[in-house]
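Here the sequence shown stands for residues 1 to 590, numbered as in UniProt numbering. For glycine and all other residues, C-beta sits at the position ideal for the given N, C-alpha and C. Nothing here was measured: the structure is a model prediction, and the numbers come from that model. Accompanying notes for the structure given below.
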Amino acid sequence: MEEAGDEEGEQGLRLGGVGDGADGEEEVARGVVAPQVLELSSSSSGEEGGSWEEEESQGSVEVTRGGGGDREARVSESRDSAEVNGGEAESQSLPGCPICMNAWTADGAHRVSCIPCGHVYGRSCLERWLLQCRKKPATCPQCGRRFKLNNIINLYAPEISVPNNDLEKQVLSLREKNESLEKQNQELVQEINEHKRQIILQQNFINESSLKRKKMADQSSHGTTDADSVASLTADDGHSSPCSFVLQNEFFLDGARVMGIDASSQIILTSGRAPGIGAEHVLTKLSMSRQGLQKIHLPSDTKAIRDICILPGGHVVFASLGKKLSLLSMTTDSVVLHYDLPAPGWSCSGDQNSPNHIYAGLQNGMLLTFDIRQTVAPLHSMMGLSTHPVHTIHSVVDGGGSRKVISASSIGPCIWDVDGSRNRPDLLNGMENHGVCISLACNPPSSDLLVASFRPKVELSDDGTSQAGKSQSPTPSASGKLGCHALIRRTSNTSFARDQICRGNVSGLRMSKSAIIPCTGRSNQQHLFAYGDESLRGVRTWRLPSLQTFADLRPHRQPILDLRFAESSSTGERYLGCLSEDRLQVFRVR
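What follows is the structure, encoded as structure tokens:
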């Protein structure tokens, strides 16, 4: 045992626990040098036991017996950047001995040492601790395992590294700041690109207007005029004009689809997709009284919005292809309520008599009734006459004061009892053989006058070629198809009859919106019907009930996608909104 102890002394490392004969500490003239960098941590917690190898979650302390009596002690831990050289600490702020909280040193009285349990301390602190215990076995301050003076092991390393938690915190903080700045930079780049697009659209409109003025001047010098180049009304002759349209606002948009007008608060909402591949769907909030727009970002699962309806009290309801019926607050510009639908939503409407009831028309032909005070399930679920999408909904009141819903799908307009008494709608009379119904105009809450728009059905011949419209008159324009608009009059509380029909150029693909505009006449109230004519790429209006052409409004560069009539409940101001993919026009109706 003494020879073994001498060998250990010659190797520069003394291990405790082999005997009680040695008192004090034998200093070693030469020893086995540990790796060039010794990394230490005082955060490890020891485990009571007789094993020479201890592993903790933050680091490990290992003492192994080498062959031929050699001993090696190694302490490893995560390293940051603090260094101690020449026996003196470079920074007193670094963590060190758990007893005195001072940094370890590579040599000297406070040299780095460990005890059999694996915990690391300054040697002078361990000796003082043993002295206080009056040379009796002391306990490790961290795990409580007993040790003696000859159990203290000197650890040899020319360089000591300890973790610096402050530096770790600084690195994490800088990383978070960098990520935040990168996100702000992306948002600024998107905003700059949006402003660039607006500038390009406005510049194109200015160039287009300049060309039109030049053309008008040339025509005036030659004594001719071009009706299409004049962005104004052309009323039909022989009739008193029931109303006029004055262009109040023109906004330049990008990728707009549908809209809603709040005439009382002078706010317009349009839906579309943000620029870029895979971009989210957003709402654009526009003010008719001042310039500027605001983007309202929607949840990622919303998908494309098919219909928007302005409700009383500063709320908006919209139906989307993401199987959502959502309620938006105009005050906070955020979605406050949404319902999960069994199929994609195609249309929506509020109730004319109850501010708490809303309706949704689905892609599978169903009509659902909701009460916004109940957020779990619809009040009523009604099946349609077909599985075709319900693309239009109007909440109306019949002659007896009962609540009804007038809807339209490709098979034609239908009327629903929304109180749950009947589970299926009725198809309006005389609407069976006019083609595919693509739009339905109404003047809620009245349902006395309706106008349904149709395009020809596509029929396949025996050889598989399309026979659509072979019996129809040729289309006067290469744009769209030659369809028809049918006036429908209410004849009683429960029945309707088809009246006049006129031809018009309609879209061969889209299901565009249309509108009925009430006008104040000299003797009684008159009405106009408005629809986006495909050949004009603008809005054409017809008198009701004669369906004679009244006026064409200023054309757009793209086809009209949506038309909305709105009247202010406070001021009585009336507006007609005309939306295409890149432009929104707002006319004041007088």
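Here Arg537 carries a coil assignment [DSSP, helix/strand/coil]. Excluding its 5 nearest sequence neighbours in each direction, Ser381 has C-beta neighbours in its own chain below 7 Å: Met366, Leu368, listed in chain order.
In the DSSP annotation of this structure, Glu280 is not part of any beta strand (DSSP E), being labelled neither H nor E. Counting along the chain, Ser453 sits inside the beta strand (DSSP E) bounded by residues 446-455. Taking all protein chains in view, the Cβ of Val189 is surrounded by fewer than 16 other Cβ atoms within 10 Å, so the residue is classified as exposed.
Under DSSP, Glu567 forms a beta bridge with Arg574. Contact between Thr392 and Ser446 is absent: CB atoms are separated by about 16 Å, not below the 8 Å threshold.
Straight-line measurement puts the Cα of Gln363 at about 6 Å from the Cα of His388. Between Leu428 and Leu328, the alpha-carbon positions lie close to 33 Å from each other. Per DSSP, reduced to three states, the secondary structure at Trp346 is strand. Boundaries around Gln294 are those of the beta strand (DSSP E), 293-297, since no alpha helix (DSSP H) includes it.
Of Ala360, Pro555, Ile516, Asp582, the smallest CA-CA separation from Val589 is found for Ile516.
Here DSSP, grouped into helix, strand and coil, assigns Leu211 to helix. By the Cβ-count criterion, Gln142 is buried, with 16 or more other Cβ atoms from all chains shown falling within 10 Å of its own Cβ. Distance between Asp426 and Ser492, taken at the CA atoms: about 14 Å.
Spatial neighbours of Asp333 in its own chain (CB-CB distance under 6 Å, excluding positions within 5 residues in sequence) are listed in chain order as Ile296. Closest by C-alpha distance to Cys519, out of Ala497, Val397, Arg510, Leu544, is Leu544.
Taken through DSSP and simplified to helix, strand or coil, Arg128 comes out as helix. Going by DSSP, Cys484 is part of the beta strand (DSSP E) stretching over 481-490. The beta carbon of Val451 sits closer than 6 Å to the beta carbons of Ala441, His485, Leu487, Phe529 from its chain, once the five residues preceding and following it are set aside; these are given in chain order.
The shortest C-alpha to C-alpha distance from Ile305 to any of Asp582, Pro344, Ile406 is the one to Pro344.
In this chain, the beta strand (DSSP E) harbouring Asp552 covers 549-552. Shown here, Asn185 sits in a helix according to DSSP, grouped into three states. For Trp416, the uninterrupted beta strand (DSSP E) segment begins and ends at 412-417. Rounded to whole angstroms, the gap between the alpha carbons of Gln352 and Glu191 is 39 Å.
DSSP places Leu367 in the uninterrupted beta strand (DSSP E) bounded by 367-371. Pro355 sits away from Pro299, with the two beta carbons spaced by 9 Å or more.
Of the candidates Glu567, Ser580, Gln585, Arg583, Glu567 places its Cα closest to the Cα of Ser265.
Residue state for Asp166 is assigned as helix, using DSSP reduced to three classes. Taking Gln500 as the centre and dropping the five residues before and after it, the same chain places the C-beta of Leu487, Pro545, Ser546, Leu547 closer than 7 Å to its C-beta, in chain order. In the three-state DSSP reduction, Glu581 falls in the coil class, being neither helix nor strand. With a cutoff of 9 Å on beta-carbon distance, Ile268 and Phe251 are scored as near each other.
Of all alpha-carbon atoms in His357, Lys404, Met383, the one lying nearest the alpha-carbon of Gln374 is that of His357. Per DSSP, reduced to three states, the secondary structure at His394 is strand.
Shown here, Leu174 sits in a helix according to DSSP, grouped into three states. Around the beta carbon of Glu534, 16 or more other beta carbons lie within 10 angstroms, which makes this residue buried.
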